[in-house]
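The structure appears right after this line, and notes come after that.
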Amino acid sequence: MAKPFPESVVEAAWNRSGGRCECTRSSHGHASRCRTQLNKGSRGKETAMGWEAHHINSNGEPVLSNCEILCQDCHKKTGSYGG
Ligand SMILES: [Zn+2]
Ligand SMILES: [Zn+2]
2 MAKPFPESVV EAAWNRSGGR CECTRSSHGH ASRCRTQLNK GSRGKETAMG
52 WEAHHINSNG EPVLSNCEIL CQDCHKKTGS YGG
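All residue numbers for the sequence shown refer to my numbering, where the first residue is 2 and numbers rise by one.
So, in structure tokens, the structure goes:
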């Protein structure tokens, strides 16, 4: 069970992302980085600009290096268990 990220980590990850999906998984069919535009207020929402703070390693610590801002499309493709 992944440990939830503190708000400070989500905030830092959001700032790092520049408000765009950070996914770089080649299996998703997007460019080298997804870069889908996101809306900060839409975290956890099933909307075009919705996003999730994803655990890169679901067993890892809830720290910035383990946090990735993903659009809903990428988050669904990735699942809850990393990869
Ligand atoms: Zn994406
Ligand atoms: Zn992706």
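We put the CB at the ideal spot given by N, CA and C, even for glycine. Everything numeric in this text was worked out from a predicted model, so none of it was measured.
Consult DSSP for residue 32 and reduce its assignment to one of helix, strand or coil.
-> coil
In whole angstroms, what separates the C-alpha of residue 12 from that of residue 59?
-> If I take the Cα positions, the gap works out to 19 Å.
Alpha-carbon spacing of residue 2 relative to residue 71, whole angstroms = 19 Å
Comparing alpha-carbon positions, which option in 27, 30, 53 and 74 lies nearest residue 10?
-> 53
Just the Cα atoms here: how many angstroms apart are residue 8 and residue 44?
-> 12 Å
Quick one: Cα of residue 35 to Cα of residue 15, how far?
-> 15 Å
Go to residue 72, then tell me how far its beta strand (DSSP E) extends in each direction, as first and last residue.
-> Here the beta strand (DSSP E) through residue 72 covers 68 to 72.
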